[in-house]
Structure formats: structure tokens, C-alpha cells
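Working notes for the structure below.
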Amino acid sequence: MDEQSIRSSQRVSRSCVECSRRKIKCDKKIPCKPCVRRNLAHECQRPITRVRGMLTVASTVDRLSADSEDNTVDELLKERCALQAQIAELETALALSKPCGHTHGTKPESHQGQTSMAAFEDLVPALEQFDLQVSHDSDPVALSEKDMADRLYEPSTDPVFLLLPSKEISEQLVTYSLRTLGWLHGAVHAPEFVAEHEEFWNQIHNGVPLDAKDRPWLALYFALLATGLLYLDPEEVPAISDLPQLNLHQYQQHDEMRYAVHTSRLWYEVALKEVERYGCSGSPSLRIVQALSVLTLCHSNFGEPQREWLFTGWAASIARCLDMHRLGSEVAHARHLSNRPEWSTFERRELGRRVWWTYVIRDWLGSWSRPPAITPASFCCKFSTENEANHDVIIETPTHTSSPSPLVYQSVMCRLSYIFYIYIKVNTHQNASKFIKALEEIEIVKRNLPLHLSNKFPANIDDEEWEATHSWITFQRFLITHGIEFMLLSIARTLAMGNIGSEQTRYREAAMASAMSILHSYLSPVPRVYKLVWTISASTVAAAVYTSLDILMNPQDYTPQKRQEHVHLLKQVVQELSKYSHVAIHAAKGSASIQKLLARLEQNFSMSHLSVHDILRHLTTQEMPSAAGTTGTVADGYVLPAQTIPVPTDGWNEMMVGHDMTMPHMDQGHIDGLLGPSDTWDSFMEFPTFQQHYNG
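466 is the number that UniProt numbering gives to position 466 of the sequence shown; each next residue is one higher, with no gaps.
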């Protein structure tokens, strides 16, 4: 520093150089909070001042002794973080200054000889290990290049410490996420994760640095934080001061809800960053598969449907690398799998079976227009809903031995997904008979629902008291009602639009009945968290769109009073969807689409001479086609524009009447072995959010 640039003063300055330059308030500590927030803690220093002719700088020791009572653990952690940042920079510079080829890996340990008469099932994993575990330690250059790339892309300061909430808020969000949503993704062993969470915070307070092998766990941790905060009730949302103080200047102090959504999205992106950086290292990680399963509750809410598709396919591939699809049942699984750390205990194997079925369901039931990537013959994984590990997906213990398993819901949804797999997804062409058969199968599932998940429950006060002790049951029943009616509506309205003769009216009425059931269910008084799941918004918007189009295309079937009642119902739905538009993109887009249709309904003119395609083209382009120029008919199909409505319709709408198709051979005995007999629910698996997406 030039001596002439040193200013003279009567007293030494305690504000840091950067805060003085920016003319902002400094807390007069080193590093100060403003510098820590700007990730400049390592540059925070006090200016040199000339006092009475002598060059002087404020003493840190004096300041600490004066304000020692104000120092908290959090402030000390931030100071340590600043030191870690400086150390990381020096280590990176030192590593890059060294010549390549100095890194040598450890040699693999020699394996003990096997018995001469090995069983075939023991030889298979041995051969796979021979192929997959070839050592490259003899080529140090390859390792050093990877090491150099890792260091180049590693940030000088680990941002994790800037992204953490307080420990109390972290416990609140993790507990809420596991208790309220744990059964929905089924990807976490709740008691084990709670213990790991406590150990994580103990390490932070003890100054233990984060190890690279712990990063996949961080991806799962941030995924749970993101879902917990996103779905949390507004009155329970933490204060802004308890959340990461990043980009705070864009929000007002009373804007807790908007800042909570912003923080949830930030944690969502951080979880994906951890997945991208530490999930592609070449070693398959169960934590990465778990994290991606939890994040399915966020993709659609944040308007990221393509991420859902891409990460789901990737996670299924990682799961196969972990032999998740070979876990079988507890009484019949390959012996060598128990030697893997991931599947060394009964609880871990049950977790693996649940997580595998998560991806089977997404493949069979999600993205209906895409061909399936998983076939029933490609895996042997199953698990029972009647064992002591079923309640490990939530932080709650059964009140008595007759408590139903939270995973019964997943077994219902998997059977429904198998129906779609057989009758819709494995066929490149469909005809009316296949859709009719699918409807019949779904109706059978609906009639045979377990009592506590059917619409007949609760039937009396005793049932209500019993249900109050099982908080997940009401949520599950609400989702199942919407899911089943959504499926019935989607198939029935396709049949109603087809040229199938006298049966067309019957399926039109069935579609309208399902639509009305969905709309009335959505308007019922239920907890807010129920309506944030993608399934609920998608089914509600699909029902509202179908109702609106039916009125526009068949005005002669609606009296003025009936038409007014339907319009009033649709307005209520729009108002309810709008309440969640700041939390869920699908609710915002859905309400906007219904409002467009409502505007046409209130204009009271007929569109009966138009096809569905023409009506939707008019709503999109605002150009009304002439009646004379309309050549399409209702039988042309019912395909909603993907950018407008999230309705799972593309790819299988057209009715190919008269086209004879044969079902591909399906091993029914094999699938029954996985699902159990059709009249029982002692099966297995997991249902993520029932997904088909729109682009937007």
C-alpha cells in the first residue's frame, strides 16, 4: 500500500476496507457478516490508519475481549469457514503447480481362493466382478488428469456452510418431510436418516470437515430440506432470519412465504448440483438414487418436467448397477447380494426393493406417451407389506399390531400401473377393445380397494378416531381417489371421442362422472399439502378442461341452469388453484388454461360445429375457424397442446376401430409372483407422484 494513500484520523477504524468502500454498515468483526454473505470472508480486513503520526490498525484481540459475550457458535463457524476458504485456495494452487503423474492409487487386495465346486449363482457375480473391476493403477497419468479436473472445477469455498439453515429449522424440515411425505416416495429409512442427521450437525459444531464420500448424503439431505420447506404449511414456515441469507435484498421482511419458496428452489438446485458432481464419479451410489426419488416431489412444482424424465432414467440405471432389481424377496434372493454393504441388513434390502419399485412405477405409469424401459421379466424384486420395516418410511410407530402399512397404498398404485403397462404402453397401436378392457380392470381395482383407502371409510365416529391416529391414511385416500378417477376420465373420454357407435354416449357419461368426482373432491376441505402434489393439479385441470369442452361441443345437452352450475363450479376450481400458483407451476398454468375456456363459456356461443382440435387451436391462436372450413370431426381425437394443459393424452388418443391387434405375450405367472394374487394387497412397492408432464 502506498504510504501517501493512508488516511490520517483521530482514532483507528474498526470497519473493514470492503464495507467502507461500499459505504455499508459493518459489524466490525473479522470476517464481518456482509463479507461472509458475499463469499469474500478471506478478503475481509481492517484499513491501516495514521493516528498521531503512527501507522495503526484496529486490534482484533481488543475487540474480541470487549464483545466476547456476543460471539456465538454460528459466528465462530463462519470465521472457520473463512479460514477453510483460504486453505482451499492455497491447496488448489499448490496442486496445480505440481507436475502430472505423481498420484498413485492403492492396489486392490487379493481375493481368497474359492472352493472348486462353486454354485452357478456364485460364479455369475464373480465373472461380473472380473469384467467390471479391472484396475488402472498402472497408468498414473489417467488418475492425475481426473484429479486435476476435479480440483479445477472445485470451488475455492465450500458453499454448503452458506446454504444451511439453523439446526432447529433443519430438524423441523427433515421431520416434516419424513413424517408427511416419506410414504409417498418411500426412499428413506427414516430412523436411520434421523440419526445420521444428528451426527452431521455434531460434526459441523465440532469442526469436522466434510469428506467427499459424504457428498451423496448431502444430496439426499438437501432434497429432504427442499421438499419439506416447499410443502410446509404457511403458518409453520420459518422466519427469514433462520434460512440462508442469500439474495435477501429482493424480499421484504414480511415476505416469508415467497422467500421460503425461493429457498426451497435453491436447495432443490443445490441437491441436483451435488448429484451432478458426486453422482457421476463412476461409483454407483444408493444415496444418489434416493435423492433423485425424493426430488420427484419438486420437479413439476418448479416447472422442470424434462429433468424428471432425464434423472429418472439415469437413476434406474444406477439402481441396476447396484443390483437393486435382483433383490427378490427376503425368503428368496441371491446369496451374494447380502455381501454388498448396501444390502447387508434386512432393513436395507427392504429399502432397496421399495426404491426399485419407485422407478418401475414411474416407467409404467408416468409419461404415458413414452415406451416403457423396464419389463416385468427383467427383474425379480418384490417385498411384503406385512413386516416390521414398513413403518420405517415415516417417523411414526404403529399404535397397535393391526395398524395398516403405509405401503399398501403403493401396492394399489403399482397394480394400476401394470394395467397401463399391458393395455396402453406395451402396444404401439390401440383399439377400442383394449381401452374397454383397461377400464374394466381399473374398476376392479377400485371396487377391491382396502377399506381404509376406499370412499366408504370412515363410516362412523370410531373410524374417524382410528384414522386420526394414522395421519397418512386420509392423504393416501385423497390421492387414490384422484388417481383412479384421472385414469378413468382419460380412457373414457378417448372412447367417447371415438367412432364406436351406440356405446359412445355411455363413455361420455362415464367421463363426465369421473370429471365431476374429481372437481368436487378438489374443492373439499383438506389440508393444503394434499393439493400441492402434481397428481391433484393435473387431474383437476384435466377434469375442468373436459367439462368445459363438453359444454362447448354439446350445448344442446345443457339447460341454462345446468350450464350456470357448471360454470360456477369451474370458477371455484380456478380460484382454488390460484391459491397455490406461487408454490406450484402446474397449478398456475392449469388455472390460466381453465380461465381461457371459461371466457368462451361466458360468451354463450356454440362451438358444436367444431372439432376439439379446432376449438383448442382457437383458444391458442385466438383465431376462430369458419364452420365451412372445418373438416375434422370429434373422432379425430382429443389431443391437448402440451404447452397448455397437463393432461396425459398424447400418443394413444386415436381410436383405430377395426384394427385387429394381438397382445404381446406377458408372463402372467411371473407378474403375479411380484404383485401377489389380484384379490390381495400383500405385495410390495412404491408409488412416486403419478406423473405425466406438460412442457412449459
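From the three backbone atoms N, C-alpha and C, an ideal C-beta is built for every residue, glycine too.
### Task
Would you mind sorting N206 into buried or exposed? The rule is 16 or more other CB atoms within 10 Å of its CB.
By the neighbour-count rule (16 or more Cβ atoms within 10 Å), N206 is not buried but exposed.
### Task
Assuming S338 and A187 form a contact by the criterion Cβ under 8 Å, report the distance between their Cβ atoms to the nearest whole angstrom.
Contact check for S338 and A187: beta-carbon distance about 21 Å, past the 8 Å limit, so the pair fails to qualify.
### Query
Between which two residues does the beta strand (DSSP E) containing T559 stretch?
T559 -> no beta strand (DSSP E), and no H or E assigned at all.
### Message
Tell me the rounded alpha-carbon separation between S591 and Q575.
### Response
Per the coordinates, the alpha-carbon of S591 lies some 8 Å from the alpha-carbon of Q575.
### Message
Beta-carbon within less than 8 Å of S433's beta-carbon, same chain only, minus the 5 sequence neighbours each way: which residues are those?
### Response
Around S433, the same chain offers no residue with a beta carbon nearer than 8 Å, after the five sequence neighbours per side are excluded.
### Query
Would you say K273 faces chain D, with C-beta separation under 7 Å as the test?
Absence of chain D from the displayed structure is noted, only one protein chain being present.
### Query
DSSP beta-bridge partners for S8?
Residue pairing by DSSP places S8 opposite R50 in a beta bridge.
#### Entry: Under 7 Å between C-beta atoms of P209 and R287
The answer is no: Cβ separation not under 7 Å.
### Query
My guess is that W364 and S417 are in contact by the Cβ rule of under 8 Å, so how many angstroms apart are they, rounded?
Their Cβ separation, rounded to whole angstroms, is 4 Å, which keeps W364 and S417 in contact under 8 Å.
### Query
Considering only residues of the region 236 to 292, which uninterrupted alpha helix (DSSP H) runs meet the minimum length of 4 residues and lie entirely inside it, listed in chain order?
As far as the region 236 to 292 is concerned, its whole alpha helix (DSSP H) runs of at least 4 residues are 256 to 278.
### Query
Given A239, which residues of its chain have a CB within under 7 Å of its CB, disregarding the five upstream and five downstream residues?
Scanning its chain for C-beta atoms nearer than 7 Å, with the 5 sequence neighbours on each side dropped, one finds around A239 the residues E256, in chain order.
### Query
Out of curiosity, what's the CA-to-CA distance linking I48 and Q245?
Approximately 30 Å between the Cα atoms of the pair.
### Query
Where does N604 land, buried or exposed, given buried means 16+ other C-beta within 10 angstroms?
With fewer than 16 Cβ atoms within 10 Å of its Cβ, N604 is classed as exposed.
### Query
Taking just the CA atoms, how far does F420 sit from R362?
Each residue's Cα considered, the two are about 12 Å apart.
### Task
Would you kindly check if the distance between the Cβ of I518 and the Cβ of S539 is under 7 Å?
The Cβ atoms of S539 and I518 lie closer than 7 Å to each other.
### Task
Report the option in V355, D550 and L532 whose CA atom is closest to the CA atom of K579.
Distance check between K579 and each of V355, D550 and L532 places L532 closest, using alpha-carbon atoms only.
### Message
For H336, count the other beta carbons within 10 Å of its own beta carbon; 16 or more makes it buried, fewer makes it exposed. Which is it?
### Response
H336 is buried by the Cβ-count criterion.
### Query
For the 8 Å Cβ check, are there 3 or more pairs between the region 184 to 198 and the region 166 to 174?
The region 184 to 198 vs the region 166 to 174: in contact.
### Task
Pick out whichever of D214, A515, F457 and R353 has its Cα sitting closest to the Cα of L407.
L407 has its Cα closest to that of R353, out of D214, A515, F457 and R353.
### Query
In terms of DSSP beta bridges, what is S329 paired with?
S329 has A332 as its beta-bridge partners, per DSSP.
### Query
Under 7 Å, do A226 and S166 count as touching if we go by C-beta distance?
No, the pair does not count as a contact, with Cβ atoms beyond the cut-off.
### Beta-carbon proximity of P284 to L232, cut-off 7 Å
No, Cβ-Cβ distance for P284 and L232 is not below 7 Å.
### Query
Could you give the distance in angstroms between the alpha-carbon of N554 and the alpha-carbon of T505?
Using only the alpha carbons, I get a separation of about 12 Å.
### CA-to-CA distance, S411 to I484, given in whole angstroms
Their backbone Cα atoms lie some 14 Å apart in a straight line.
### Query
Roughly how many whole angstroms lie between the Cα atoms of H582 and I6?
Taken atom to atom, the span from the alpha-carbon of H582 to that of I6 is near 52 Å.
### Message
So for D27, helix, strand or coil by DSSP?
### Response
Correct three-state label for D27: coil.
### Task
In the DSSP assignment, find the unbroken alpha helix (DSSP H) run with F435 in it and report its ends.
From DSSP, the alpha helix (DSSP H) with F435 extends over A432 to R447.
#### Entry: 7 Å Cβ cutoff met for V355 and V289
Their beta carbons are under 7 Å apart, which means V355 touches V289 by this criterion.
### Task
Specify the secondary structure class of F475 as computed by DSSP and reduced to three states.
Helix, per DSSP.
### Query
Looking only at its own chain, which residues have a Cβ that is under 7 Å from the Cβ of residue 708, when we skip the five neighbours before and after it?
Outside the shown range of the chain (1 to 696) lies residue 708, about which nothing can therefore be said.
### Query
Can the beta-carbon of A511 be found closer than 7 Å to that of R493?
Yes.
### Query
If you run the structure through DSSP and keep just helix, strand and coil, what is N339?
Here N339 sits in helix by DSSP.
### Query
Helix, strand or coil for Y221 per DSSP?
Here Y221 sits in helix by DSSP.
### Query
Any idea what DSSP makes of K370, helix, strand or coil?
This sequence places Arg at residue 370; Lys is not what is there. Correct three-state label for R370: coil.
### Query
Does DSSP put E196 in a helix, a strand or coil?
Helix.
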